[in-house]
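Residue numbers (the UniProt record's numbering): 1 to 106. A virtual CB, placed ideally from N, CA and C, is assigned to each residue, including glycine. None of the values given here were measured: they were computed from a predicted structure. The block underneath contains the structure these notes are about, expressed in structure tokens.
Quick look at the structure:
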């Protein structure tokens, strides 16, 4: 086993599960230089994806600030009907409840 193979195996063993690890599992490389070139390609891909996600996040923030959100348009769906929203207000009792029940029953 050559020096290149030892480096490549050590590098592959230290990887976390992800796209690059899956790629190496499917098509292993015994040369460290080839492995580094592939790693560089995956790093560039991940950076491009991250910047794209960041740009999309900024656009969403801009759109959110520009106008009313969708939540406001569908707000009426979350509300209860008027008869369920009105809370009953009762006059507090001035006599014990047992005395009130006796008066109603009797």
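Original post:
So does the region 43–51 actually touch the region 23–33, counting three or more Cβ pairs closer than 8 angstroms?
Top reply: Result no; under three Cβ-Cβ pairs closer than 8 angstroms.
Original post:
Between which two residues does the alpha helix (DSSP H) harbouring residue 98 extend?
Top reply: Taking the chain shown and counting its residues from 1, one reaches residue 98 at position 98. Run containing residue 98: 97–105, per the alpha helix (DSSP H) assignment.
**OP:** Give the DSSP-derived three-state secondary structure of residue 42 in the structure shown.
**Re:** As a first step, residue 42 is located in the chain shown; it is residue number 42 there, counting from the start. The DSSP-derived three-state label of residue 42 is helix.
Original post:
With DSSP run on the structure shown, which of helix, strand or coil describes residue 18?
Top reply: Within the chain shown, residue 18 is the residue found at index 18, counting from 1. Looking at residue 18 - three-state DSSP - the assignment turns out to be coil, as it is neither helix nor strand.
**OP:** Starting from residue 6, trace the alpha helix (DSSP H) both ways and give me its first and last residue.
**Re:** One-based indexing of the chain shown puts residue 6 at position 6. Start and end: 3–13.
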